[in-house]
Amino acid sequence: MTTVTMKGWILLLLLLLLGATSILGQRILKPALSRVQIGQKTFRPLVMLSLESTRSSSRRGDPSFTYVRRTCNITCPMGRVNADCDTCMCEDATLHGKVSLEDGSPAADARVYLQAKKLKLLTTADNRGMFRIPGVCPDGKNTLKIKKAKYATATVTVPESNRRNLAIQVQLHRSGKPYIYRSPEDKARRVGQSVSLCCDAQGSPAPDRYLWYHNGSLLDPSLYKYKNNLILKNLNREQSGEYFCKASSAGGSAKSQVAKLAVIGRQEAPCDPQPQSHLIRLPHDCFQKATNSFYYDVGKCPAKTCVGKLDKGLRCKDNVSYCCGVSKMETRDISCDGYTLPTKVIIECGCKKCTETKIMVRGRATAADNGEPLRFGHIYMGNKRVSMTGYKGTFSIHVPADMERLVLTFVDRLQKFVNTTKVLPFKENGGAVFHEIKLLRKKAPVTLESTETNVISLGEMEEDDPIAELEIPPNAFYRKNGEVYSGKVKASVTFLDPRNISTAPVTQSDLNFVDEEGDVFPLRTYGMFSVDFTNEQGTESLNADKVKVHLDAAQVKMPDHLQEMKLWSLNPETGLWEEEGDFNIEKSTRRKREERTFLVGNMEIKERRLFNLDVPESRRCYVKVRAYRSERFLQSEQIQGVVISIINMEPEPGFSSNPRAWGRFDSVVTGPNGACVPAFCDEQNPEAYGAYILASMGGEELEAVPSAPKLNPAAIGVPQPYLNKLNYRRTDHEDPNIKKTAFSINMAKPSPNSPEENNGPIYAYENLSECEEAPHSAAHFRFYRIEGDRYDYNTVPFSEDDLMSWTDDYLAWWPKPMEFRACYIKVKINGPQEVNVRSRNMGGTHPRTIGRLYGIRDVRSIRDPQQRDVSAACLEFKCSGMLFDQDRVDRTLVKVVPQGNCRRVSVNSMLHEYLVNHLPMATNNDTSEYTMLAPLDPLGHNYGIYTVTDQDPRIAKEIALGRCFDGTSDGTSRIMKSDVGVGLTFTCSERSATEQSIFQSQRNLGQQSPRNSGQQSILVLPGQSPAYRKPPASRRNNQARMPMRGQRPTY
39 MTTVTMKGWI
49 LLLLLLLLGA
59 TSILGQRILK
69 PALSRVQIGQ
79 KTFRPLVMLS
89 LESTRSSSRR
99 GDPSFTYVRR
109 TCNITCPMGR
119 VNADCDTCMC
129 EDATLHGKVS
139 LEDGSPAADA
149 RVYLQAKKLK
159 LLTTADNRGM
169 FRIPGVCPDG
179 KNTLKIKKAK
189 YATATVTVPE
199 SNRRNLAIQV
209 QLHRSGKPYI
219 YRSPEDKARR
229 VGQSVSLCCD
239 AQGSPAPDRY
249 LWYHNGSLLD
259 PSLYKYKNNL
269 ILKNLNREQS
279 GEYFCKASSA
289 GGSAKSQVAK
299 LAVIGRQEAP
309 CDPQPQSHLI
319 RLPHDCFQKA
329 TNSFYYDVGK
339 CPAKTCVGKL
349 DKGLRCKDNV
359 SYCCGVSKME
369 TRDISCDGYT
379 LPTKVIIECG
389 CKKCTETKIM
399 VRGRATAADN
409 GEPLRFGHIY
419 MGNKRVSMTG
429 YKGTFSIHVP
439 ADMERLVLTF
449 VDRLQKFVNT
459 TKVLPFKENG
469 GAVFHEIKLL
479 RKKAPVTLES
489 TETNVISLGE
499 MEEDDPIAEL
509 EIPPNAFYRK
519 NGEVYSGKVK
529 ASVTFLDPRN
539 ISTAPVTQSD
549 LNFVDEEGDV
559 FPLRTYGMFS
569 VDFTNEQGTE
579 SLNADKVKVH
589 LDAAQVKMPD
599 HLQEMKLWSL
609 NPETGLWEEE
619 GDFNIEKSTR
629 RKREERTFLV
639 GNMEIKERRL
649 FNLDVPESRR
659 CYVKVRAYRS
669 ERFLQSEQIQ
679 GVVISIINME
689 PEPGFSSNPR
699 AWGRFDSVVT
709 GPNGACVPAF
719 CDEQNPEAYG
729 AYILASMGGE
739 ELEAVPSAPK
749 LNPAAIGVPQ
759 PYLNKLNYRR
769 TDHEDPNIKK
779 TAFSINMAKP
789 SPNSPEENNG
799 PIYAYENLSE
809 CEEAPHSAAH
819 FRFYRIEGDR
829 YDYNTVPFSE
839 DDLMSWTDDY
849 LAWWPKPMEF
859 RACYIKVKIN
869 GPQEVNVRSR
879 NMGGTHPRTI
889 GRLYGIRDVR
899 SIRDPQQRDV
909 SAACLEFKCS
919 GMLFDQDRVD
929 RTLVKVVPQG
939 NCRRVSVNSM
949 LHEYLVNHLP
959 MATNNDTSEY
969 TMLAPLDPLG
979 HNYGIYTVTD
989 QDPRIAKEIA
999 LGRCFDGTSD
1009 GTSRIMKSDV
1019 GVGLTFTCSE
1029 RSATEQSIFQ
1039 SQRNLGQQSP
1049 RNSGQQSILV
1059 LPGQSPAYRK
1069 PPASRRNNQA
1079 RMPMRGQRPT
1089 Y
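In structure tokens form, the structure reads like this:
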């Protein structure tokens, strides 16, 4: 390096005057000017005089003149060619630049390169992110590249200008692997047709290469000529199978989800016309002697993708999606005890337009320590705010149809809670899933001196050492503009300690990362911490550099994890963890006299990110779990939309069965074939890993199968001897006072040499498809829901868990698959016993459904805890409204019938007045029941009616039930309040042993005369039935038939 002084400049001038264009002059000057120092900065200037130029100086004032180096083929429209013959230079031009990070802080030490034949380092930004480069020609052709560790390279072109002093600003973005935001979709085609599969990724830097794979094999890019769009023409059967793409950039790679392409013959049926078996449960008074059961097979068509009418042209997404569904049904009459029950049975499946559904995620965000709700918190999807929590912490999010991975970040505006990023599973076939979001409360800030060394402990378990410590050196804090901060610092460091099992549900994201090949791998955590530094007034956020993390090696109980430990940070946009740095093993006497071993890592705290002490774990398995409506564990009674959660446990040294800490928390949602939950496992020692598994639906925990006093393999769903090896234990195994909503197992990986271990419930990681497609007879663990004494029957079969099972039929209970309206009436029972109450729902005014059965609902009344002889029931009935064709309204004819010796004593006066004013009106000559044409309007608790509309039928029913129990139109309760919001009141006496049940006494009214039965016929037309006769116009007659508001009826 040569320092140019005044004498140096004089020498340079003399050499030029003496004709230093000679070879000797070039040899002298070129090394001397290769490095120039001005002040404290060293540059490799672009402005170096071209000593080879021999053009006449008399033309240099001519603007059209172009200087050309004799031995160089580069032409310079502005300035001269430099000595290296790789760019142009302008002696009198200077480029000033500023490089900043995403948060606006300076990018200190960012390196600035010139894009030439080879990247040429020009300078380095100072602590303020500033740089200065002399000699850059503003010709619009010079390209600079700015690099900084952990940030994507920025490329900027020096703009064309007549000015000789230019200024540019560059912002660097954090480097990361690509993120797939659109995967290829499942499609079906016939032989000879064409298909387009698409994949899109984003990232910093942006992906610049896509590769496509078929059944795991790479498709030749030179043959298929693809980028992010794979086009396959003139398809044949061999091209059926699984396809996925791999997007790559300088930051890494990412793989898409797998898409299945089905290719069938030209004349082959797109769907199997034969329906699958599907059993529905019949009413309690409809036992079938022929099958010796209460079940009837109505058939089912699996909603898989099929070949329909194709669009013109090739598209990433077909304009119309086609699915296998019901193409033909027939009505059958089922003989019950004293009456005939109509039902519709599927007799043929075919290809039709897929049922359109909405995907929703609902939940409640509350504090993990005391349940305090996150009131009016902001919810972000990426950088976009999509919703807010309510006063009670509740939220509702509509999931876009093409969403693959739902990543939400919950932000507390009051900063009482740590910002929480969650990856929430959802039902891909439509409907809602409820999630409980647990938030970690921020630690109260402590005051630090910025000029001193500060140590912050991570982990505060009683009688145990901290897991780690943060060491912040003196003068490490700085402002966003790069200036060193001097003064007091408020530091809030919140640590999630895995030694406390109650903190597992607070785990952020799903603890996954993407490796260099684009595959997703799990992490096992040793603790997460959130860091927030501000000035003393709390008005300015601060950064910290050269922070050290000291992880106590004694806290890492699995020796192989010591070498694999890394420091990670959470990307809130993708929900994936990104590597921050490695750890080195050091010995130290920190805080204690004895020498101890620590894992030491370095970090810079620049953003409000969550950090994690993790190791990648390759010993992985899947656990098969199913959820049911009852302890019968029937295949037809499986529940979809149940959130199955697993807490992976780390054992004590020596693989004790008593775990010491959790290492991972995962959640999945049950589908039509249950769920496969990822977990850590070990093949060598069955006790190496353990797990707690629990299930919830709508915020309610489901019950696990008991393990005491004796294991029942048939009920648990896992045969012996594998069950003993897994050591299944429900949480109340030793203490009956503990909740029954979870079980623990040893994660014993199945042995390939043991046949009884290769049929579930544990599957090796590479056998995920085998787990997902396992038949119901294969081993699995079970949860069940105690739904109480209630029963639903639909004439047109429909599973509320599977919205794709909806059928466009006039007798469908739910007329619209994207909007479900649930209606309930509150029935009060005065009497010593709880009573079954039934609603029988028939077509009332629509010509296609009049007198025909929509369905039956049975429910048992619930005893009022405050009144001994009072109970109440919230009874569902079919809402009035448009049918599926949206052409005409039907007022549902609802008959409410309590079982036993009951007498109607009152009807809500406001409800009665509404029905009187909205004709026609049903007659009520039989005081043992009540009949009405259901109101069209969504009446409230003042009428004893509760109506809720939602995109998911179960959510609509749960909300309506909660309001009905509470007796309000906006509240909710799990305790029945029998004296408020009542629609009907009956008095029931105890039925004698010889008295026939009201359900048994019901007859098919087509077989029995209404006059003889005392009940209204459901088969006659409106003009012929007394149920539809308009009451007399006289107000006196109306009052005689039914009292008006405030009056007690007498019968």
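With our numbering applied, the sequence shown has no gaps in its numbers, which climb one by one up to 1089 at the end. C-beta: ideal position from N, C-alpha, C; glycine also.
Output needed for residue i: all residues of its chain with C-beta closer than 6 Å, excluding positions within five of it in sequence on either side, in chain order.
i      : result
Gly639 : Val587, Leu605, Gly619, Phe621
Glu655 : Pro560, Arg562, Phe718
Ile218 : Ala239, Ala292, Ser294
Lys136 : Gly167, Met168, Gln207
Glu611 : Gly420
Leu841 : Thr395, Gly468, Gly469, Pro855
Val861 : Per the sequence presented here, residue 861 reads as Cys, with Val not at that position. Only Phe915, Cys917, Thr985 meet the Cβ criterion.
Comparing C-alpha positions only, which one of the options sits nearest to residue i?
i      : options                        : result
Tyr151 : Pro144, Ser143, Thr161         : Thr161
Lys662 : Glu554, Asn796, Phe571, Lys465 : Asn796
Trp615 : Leu651, Ala146, Leu600         : Leu651
His416 : Val456, Arg149, Lys1015        : Val456
Tyr727 : Trp700, Val681, His884, Ser792 : Trp700
Ser130 : Gly173, Asp839, Phe169, Lys366 : A small fix is needed here, since residue 130 is Asp in this sequence, not Ser. Minimum Cα distance to Asp130 is reached at Gly173.
Tyr730 : Ala780, Leu637, Pro747, Ala752 : Ala780
Ala154 : Lys179, Thr395, His599         : Lys179
Ala285 : Glu223, Pro243, Ala205         : Pro243
Arg926 : Ser260, Gly882, Tyr968         : Gly882
Arg233 : Asp907, Glu368, Leu270         : Reading off the sequence shown, one finds Val at residue 233, where the question assumed Arg. Val233 has its Cα closest to that of Leu270, out of Asp907, Glu368, Leu270.
Cys389 : Cys714, Cys309, Ala148, Glu738 : Cys309
Roughly how many angstroms separate the alpha carbons of residue i and residue j, rounded to a whole number?
i       : j       : result
Pro724  : Asp535  : 26 Å
Tyr189  : Arg212  : 4 Å
Ile863  : Ser255  : 60 Å
Leu1107 : Ser291  : Only positions 39 to 1089 of the chain appear in this structure, which leaves residue 1107 out of reach.
Gly613  : Cys339  : 36 Å
Val85   : Thr125  : Confidence in Val85 is poor, its pLDDT being 37 and thus under 50, which makes the residue's placement too unreliable to answer from.
Gly1021 : Lys916  : 16 Å
Thr132  : Arg201  : 9 Å
Thr1025 : Ser1016 : 13 Å
Leu732  : Arg929  : 43 Å
Ile302  : Ala226  : 8 Å
Gly376  : Tyr334  : 18 Å
Glu738  : Glu808  : 30 Å
Val552  : Val653  : 13 Å
Asp598  : Tyr660  : 23 Å
Give me the DSSP bridge partner(s) of residue i.
i      : result
Lys298 : Glu280
Phe332 : Bridge partners of Phe332: none, in fact.
Lys390 : Cys361
Thr965 : According to DSSP, which records beta bridges pairwise, Thr965 is partnered with nothing at all.
His416 : Met426, Val449
Glu857 : The partner list for Glu857 (beta bridge, DSSP) is empty, contrary to what the question assumes.
Leu139 : None, per the DSSP bridge assignment.
Lys465 : None, per the DSSP bridge assignment.
Phe649 : Phe567, Ser607
Quick one: what's got a C-beta closer than 8 Å to residue i's C-beta in the same chain, skipping five residues either side?
i      : result
Ala146 : Ala163, Asp164, Asn165, Arg166, Gly167, Gly520
Val229 : Leu273, Asn274, Arg275, Val301, Ile302, Gly303, Arg304
Within its chain, find whatever has a CB closer than 7 Å to the CB of residue i; leave out the 5 residues flanking it on each side and keep chain order.
i      : result
Gly576 : Lys528
Inset, instruction - Take every Cβ of the region 821-833, pair it with every Cβ of the region 438-448, and state whether three or more of those distances are shorter than 8 Å. - result: The region 821-833 is not in contact with the region 438-448.
Legend entry - Segment contact flag, the region 394-402 with the region 344-355, C-beta cutoff 8 Å, min 3 pairs: no
Inset, instruction - Specify whether the region 526-534 and the region 487-496 touch according to this definition: at least 3 beta carbon pairs, one from each stretch, less than 8 Å apart. - result: yes
Inset, instruction - Indicate whether the contact test is met: 3 or more Cβ pairs, each with one atom in the region 576-584 and one in the region 502-516, closer than 8 Å. - result: yes
Inset, instruction - Please confirm if the region 801-815 is in contact with the region 766-783, defined as three or more CB-CB distances below 8 Å between the two stretches. - result: Touching, no.
Inset, instruction - Check whether the region 378-389 touches the region 425-438, counting contact only when three or more Cβ pairs, one atom from each stretch, lie closer than 8 Å. - result: no
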